[in-house]
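Peer 1: The UniProt record's numbering numbers the first residue of the sequence shown as 1 and each following residue consecutively.
Yeah, the Cβ is synthetic: ideal placement off N, Cα and C, and Gly gets one too.
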Amino acid sequence: MSVSLTVMTFNLHDDQAEDSPNSWEKRKDLCISVITSYSPTILCTQQGVKTQLDYLQQCLPGYSQLGVSRRGSQDSLDEHCTIFYDKEKVELLEDGTFWLSESPSVPGSISWGAAVPCIATWAISFPTLIVNTAMDELSPRARRRSALLTWQHIASLPPSLPVLYCGGFNTQKESTTGRFLLGRSSEHGVVGDMMDTWPNAQVRKNVSLIHTYHDFKGDKQGALEFFKLILRALCLCWDRQTQDLHVDWDSFQRLLDPPPPTEEGNPVAV
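1. What residue from S109, F126 and R184 has the CA that sits closest to T41's CA?
2. Where does V34 fall in DSSP's three states?
3. Among residues of its own chain, excluding the 5 on either side of E18, which ones have a beta-carbon nearer than 8 Å to its beta-carbon?
4. Below 8 Å, how does it come out for the segment 109-128 and the segment 28-39: are there three or more Cβ pairs, yes or no?
5. Answer with buried or exposed for V106, where buried requires no fewer than 16 other C-beta atoms within 10 angstroms of its C-beta.
6. From the DSSP output, in three-state form, read off R184 for me.
7. In chain order, what are the residue ranges of uninterrupted alpha helix (DSSP H) at least 4 long that sit wholly in the segment 151-186?
8. How would you label D257, buried or exposed, when you count the other beta carbons within 10 angstroms and need 16 or more for buried?
9. Taking just the CA atoms, how far does T51 sit from L12?
10. Suppose you measure from the CA of R71 to the CA of V190; what does that come to, to the nearest Å?
11. Look up L149 in the DSSP assignment and say whether it is helix, strand or coil.
12. Under the assumption that V163 contacts Q253 (Cβ atoms under 8 Å), give the Cβ distance between them as a whole number of angstroms.
13. DSSP three-state call for L5: helix, strand or coil?
14. Let me confirm a value: N170 is counted as buried when at least 16 other C-beta atoms fall within 10 Å, else exposed. Which label applies?
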């Protein structure tokens, strides 16, 4: 049976002070406009706080949401990795949250030099597993071990279950975290088995947008960021398989069959 899903992953970035040029008040209507223009079946958001998530729920009445704060269900004010889903199109079978730490069932737990608690929210909706995460910004080790922990969760499920793994990974595709998930390096003797949705998409939107971090400037970027992109491109010339300049990249997939026609933009629509 062929099932078509449109999945968007969207880093909301937390609510800033009202006088900030990047405050939620100044961004919220544009965010809603982007989301409704894609009309995703599944919307994975990262770094959202209660004010943002409440506003999205208010403006997206056809969706339900799931997920808890990275401090646990008793806290509602900290950041969430929330999954919104179209109530008319999605049959939610099971969901949960685990912490990216050595104690994945302990709310707020931190390991591997991470600066803050990090979580993965997951949901099984017929017939797909959706995993949504935001990895630590500072510790490469925390990102590697978080990727390993999440992959072990994915690998423990029936291999016939298609998986979409979305999130803010806070790293580049050529990093050890990315190479592990794509099956090109090992982490503690384990090798991932996922595909990057961008090169596998048969139709892409915003093809010219090669960077996903733009400091709230859209397509524009400062001289420093441009220099970093050029330097990274030169460093990657030796390995064309990883010559991809997307930063904070967005989603993977695990499928038994070749990937179906997909459409990808920024934010990602799969």
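Peer 2: With the structure as the only source:
1. Position 41 of the sequence shown holds residue 41. Closest option to T41, Cα to Cα, is F126.
2. Indexing the sequence shown from 1 puts residue 34 at position 34. Helix at V34.
3. For the purposes of this step, residue 18 is taken as the residue at position 18 of the sequence shown. In chain order, E25 place their CB closer than 8 Å to the CB of E18, counting only its own chain and leaving out the 5 sequence neighbours on each side.
4. no
5. Here residue 106 refers to the residue found at position 106 of the sequence shown. Exposed.
6. Here residue 184 is taken as the residue at index 184 of the sequence shown, counted from 1. Note: R184 maps to coil in three-state DSSP.
7. 176-181
8. Walking along the sequence shown from the start, residue 257 turns up at place 257. Low per-residue confidence applies at D257: pLDDT is 48, beneath 50, and the placement is therefore not dependable, though the value from the model is reported in the following sentence. That one is exposed.
9. As a working mapping, residue 12 is identified with position 12 in the sequence shown. As a working mapping, residue 51 is identified with position 51 in the sequence shown. Near 11 Å, if we compare the C-alpha coordinates of T51 and L12.
10. As a position in the sequence shown, residue 71 is number 71, starting the count at 1. As a position in the sequence shown, residue 190 is number 190, starting the count at 1. Cα to Cα, the separation comes out at about 29 Å.
11. Locating residue 149 in the sequence shown gives position 149, counting from the first residue. Three-state DSSP puts L149 in a helix.
12. For the purposes of this step, residue 163 is identified with residue 163 of the sequence shown, where counting begins at 1. For the purposes of this step, residue 253 is identified with residue 253 of the sequence shown, where counting begins at 1. 7 Å between Cβ atoms; contact.
13. The residue you call residue 5 lines up with position 5 of the sequence shown. Coil.
14. Working through the sequence shown from its first residue, we reach residue 170 at position 170. Buried is the call here.
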